[in-house]
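Student: One structure is given below, represented as structure tokens, and several questions about it will come after.
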Amino acid sequence: SDIDCQFEHFGISGRLEERVEISLYRIVQELINNIIKHSEASKVSVQLFKNQGKLILMIEDNGKGMKKSDGDGHGLLNIKSRLNTLQGDLNLEPSPGSGTLATIRLPLV
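What follows is the structure, encoded as structure tokens:
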């Protein structure tokens, strides 16, 4: 796609536990696929950092935003299922007309 995608990470040194890495990869893959398919965004920002014993992943786009009714498709259900196995949570902040911010928090063990 023609979407400008930026990735930044802070406070991450070395590898994470394999199941965490794989789950995060699949979650990012699903969210970016949703952005490509549905958002009409031109920019995506992905940030990964550690903060107060948690791993935080933030994905933000500048697309048309989600409607509340868009929230429980198969992709988001898969994301929530992956997060449940890691005791993580997902917060979606849709802003119709100005994009969506997805924030994922995972406890670090």
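So for the sequence shown, the working numbering puts the first residue at 780; every next one is plus one.
A virtual CB, placed ideally from N, CA and C, is assigned to each residue, including glycine.
Going by DSSP, what residue range makes up the alpha helix (DSSP H) through E809?
Tutor: It spans E797 to N813 - the alpha helix (DSSP H) in which E809 sits, taken as one unbroken run.
Student: Residues in its own chain within less than 6 Å of L810 by CB, not counting five upstream and five downstream?
Tutor: Closer than 6 Å at the Cβ level, and outside the excluded window around L810, lie I838 and A881.
Student: Determine, using beta carbons only, whether I807 and V825 come nearer to each other than 8 Å.
Tutor: In the sequence as displayed, the identity of residue 807 is Val instead of Ile. Yes, Cβ-Cβ distance for V807 and V825 is below 8 Å.
Student: When the Cα atoms are used, what is the spatial distance from C784 to N812?
Tutor: Answer to the nearest angstrom: the Cα atoms are 12 Å apart.
Student: From K833 to L869, what distance separates their C-alpha atoms?
Tutor: Roughly 13 Å separates the two Cα atoms.
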